[in-house]
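What follows is a short report on a single structure.
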Amino acid sequence: MNFIGDLGSLFNALPGAAAQGLVWGIMAIGVYITYRILDVADLTVDGSFCTGGAVCIMIMLNNQNVWIAMFCGMLAGMAAGFFTGILHTFMGIPAILSGILTQLGLYSVNLKIMGKANQAINANKFDLLISLRFIKNVPLYKNTIFIVAVITVVLIGILYWFFGTELGCSLRATGCNGKMARAQGINTDLNRVLGLMISNGLVAFSGALLVQYQGFSDVNMGRGAIVIGLAAVIIGEAVFGRIFHNFGMRLLGVSLGSIIYYLVLQIVIWRKFDPDLLKLLSAVVVAVFLAVPTWKSRYSARVLRFLVRIGVKGGMN
Amino acid sequence: MLEIQNISKTFNAGTVNEKQALKGLNLTLEDGDFVTVIGGNGAGKSTLLNAIAGVWLVDEGKIIIDGKDVTKLPEYKRAKFLGRVFQDPMNGTAATMGIEENLALALRRGHKRTLKQGIAGSERKLYRDILANLNLGLENRLTSKVGLLSGGQRQALTLLMATLEKPKLLLLDEHTAALDPKTAAKVLETTERVVNQDHLTTLMITHNMRDAINIGNRLIMMSDGQIIYDVSGEAKRKLKVEDLLKKFAEASGEEFANDRMMLAK
């Protein structure tokens, strides 16, 4: 294949990558809420992402409206977040372990919801909201990228409003300084549970969108979701952090970060990178960027640039 | 205003680290009392304040604030009655939130947090006025992140937050100890002004004996989880640092071996 044709295949793949990035971006916003606002690394998402997709696809296969199916998927995700929250607060288990426990349990739950390891849904027989087939040659109002972009903007608007309310502010205070929050009469345990529910609701909603997009659900579809979410958060902050200060814009930055992640992934695949190694690459890149704040406080700017360079190169090779 | 009946608290019970931090302590505060608390390291001063605040529940005894038994109430529910300032300036405020957002959180202490806007526009004038009283230039920086403020500024802000919604009882846990002397004096001055203005019932732990004598109408000395000396009114005004040192040696049977206290005299 000549180079021009090769480049053409990349350009053909980019809209799909952008759509996927947008869908995963909603999950990344959920990760942002736990990781940045509640200051908790919540691993529930690896399970609740699939739960949202599984619930959505099973309800659609029973000929229910797609919006009802997605809403139920979101509720299932919120339930997962609730369980993690109870493990963490009422039972006093460290947050990270609580998430792992819920995630493990959800694997069985997801299998039971689907009845088997995966379920397919045909875009011709069911009235899907989005699909990888609705990206080119469809009217704008049916275009997947357009629809998911609108949903993302609406969700960011709702979250922006919520985190500006009295309750939302108390949730931010809980994540920032629990001692202060309690001294100001804030029920920090309740807020942690609430935050985990909101986060996992978004994650499951994103899963419900992804199963429609790809036309199937799979019990392993959420594996490594937390890493993709963190990558999107970090990319969003690295690229847009200096220009986006407003809370709503930061959430938008996370969504854009997710799109960038999938575009870069597409380029890496196009360059014939061994797909088996993709998850390792993601893990290394995220690990390096998570290390930057520590390195920044410990080493000079020159050493820091060097460390990041060898870290990223190490991941690429 | 505050009634503490025979409270006890043991940490790490049944282990080698077992420590009985409060031993059947009794204390009654009248409305408007400003009590300074002194004592050596490990005397149980902070433990007493934490017991009142409900950081954990006491093993025995009763705590009554303004006629209401709060012994079994969790920390966030007791906050309704209490204003608190901590020793570490980082502890009292939310660093990633703005000055006005912190004040708005404090204004809603003891009220249900709803889905109304977190800061009503009308509140900003109140915030600007009370911040102007501090003379720290914070009144023009309402939206600045608290993390950008100095320790003294944060501590002054915490004090405002503790008293914005008038508390039944103000708990100050060595709130000037982490500040440089000049800033400490300023925060202490603000403390006295705010307390006198609102007639707040106050418990203030300090390691500075001179402050303990000069401020407030009553002084208690703690040792080994108990109150060993309680003086108020005229007798307190006549106290000297030497008297306190002697009193401590008498009551506890040991020298007052606390470097910070010695330096502070």
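Keeping their order, the protein sequence lines are chains A and B.
Take the first sequence: its position 278, counting from 1, is numbered 1226 in my numbering, and each next residue is one higher.
Take the second sequence: its position 94, counting from 1, is numbered 108 in my numbering, and each next residue is one higher.
We put the beta carbon where it would ideally sit given N, CA and C, even for glycine.
Below 7 Å on C-beta distance, what does GLU115(B) contact in chain A? CYS1117
Which of the residues in the stretch 127-145 of chain B, read from start to end, lie with their CB under 9 Å from any CB of chain C? Absent from the structure is chain C; the protein chains it does hold are A and B.
Residues of chain A with CB under 8 Å from ARG98(B), in chain order? ALA1131
Is the stretch 1176-1183 of chain A touching the stretch 974-981 of chain A, taking contact as three or more C-beta pairs under 8 Å? yes
Would you say ILE241(B) and LEU41(B) are within 8 Å of each other, going by their C-beta atoms? yes
Any idea what DSSP makes of GLU32(B), helix, strand or coil? coil
What's the gap between the Cα of THR61(B) and the Cα of ASN222(B)? 19 Å
Which residue from GLU264(B), LYS182(B), LEU174(B) and VAL245(B) puts its Cα closest to that of VAL99(B)? LEU174(B)
Helix, strand or coil, according to DSSP, for VAL284(B) in the structure here? Residue 284(B) is absent from the model: chain B starts at 15 and stops at 279.
Could you tell me the alpha carbon to alpha carbon distance between GLY1000(A) and PHE1019(A), rounded to whole angstroms? 9 Å
For chain B, is any of its Cβ atoms less than 8 Å away from the one on ASN1194(A)? no
In whole angstroms, what is the alpha-carbon distance linking GLY1029(A) and THR982(A)? 11 Å
Suppose only complete runs of 4+ residues qualify. What are the alpha helix (DSSP H) ranges in the stretch 1120-1149 of chain A, listed by chain order? 1126-1131
Which residues share a DSSP beta bridge with PHE1164(A)? ALA1068(A)
Endpoints, alpha helix (DSSP H) assigned at GLU206(B): 195-212
Using beta-carbon positions only, say whether LEU178(B) and LEU117(B) come within less than 8 Å of one another. yes
Considering only residues of the same chain and omitting the five flanking positions on each side of ARG1246(A), which have a CB-CB separation below 6 Å? none
Less than 8 Å between the beta carbons of ALA1017(A) and PHE1164(A), yes or no? no
According to the neighbour-count rule (16 or more other Cβ atoms, all chains shown, within 10 Å of its Cβ), is LYS59(B) buried or exposed? buried
Report the three-state DSSP secondary structure of GLU264(B) (helix, strand or coil). helix
Neighbourhood of LEU277(B) by C-beta, 8 Å cutoff - its chain only, sequence neighbours within 5 removed: Per-residue confidence for LEU277(B) stands at a pLDDT of 49, beneath the threshold of 50, marking its modelled position as unreliable; the derived number appears in the next sentence. Within the same chain, LEU277(B) has no close Cβ partners at all.
With 16 as the cutoff for other CB atoms within 10 Å, does LYS279(B) come out buried or exposed? Low confidence applies to LYS279(B): its pLDDT is 43, below 50, so where it sits in the model is not reliable enough to give any reading.
Quick one: Cα of ILE113(B) to Cα of THR157(B), how far? 6 Å
DSSP state of ARG232(B) mapped onto helix, strand, coil: strand
Going by DSSP in three states, ASN960(A) sits in which element: helix, strand or coil? helix
Following the continuous alpha helix (DSSP H) through PHE25(B), name the residue where it begins and the one where it ends. PHE25(B) -> not in any alpha helix (DSSP H); beta strand (DSSP E) instead, spanning 16-25.
Should MET32(B) go down as buried or exposed, given a rule of 16 or more other Cβ atoms within 10 Å for buried? A small correction: the amino acid at residue 32(B) is Glu; Met does not occupy that position in the sequence shown. Classification of GLU32(B): exposed, given that the 10 Å Cβ count is below 16.
Would you list, in sequence order, the uninterrupted alpha helix (DSSP H) runs of no fewer than 4 residues that lie entirely inside the stretch 1020-1090 of chain A? 1043-1062
Beta-carbon proximity of LYS94(B) to ARG123(B), cut-off 8 Å: yes
Under 8 Å between C-beta atoms, does ARG1120(A) make it to chain B? yes
Chain B partners of MET1128(A), CB-CB under 7 Å? ASN105, GLY106, THR107 and ALA108
Determine, for ALA191(B), whether the minimum Cβ-Cβ distance to residues of chain A falls below 8 Å. no
Same chain, Cβ closer than 6 Å to LEU1088(A), five either side skipped, listed in chain order: PHE1094
Quick one: list the residues of chain A neighbouring LYS94(B), beta-carbon separation under 9 Å, in chain order. GLY1133
For ASP257(B), three-class secondary structure by DSSP: helix
Using a Cβ-Cβ distance cut-off of 8 Å, determine whether CYS1124(A) contacts chain B. yes
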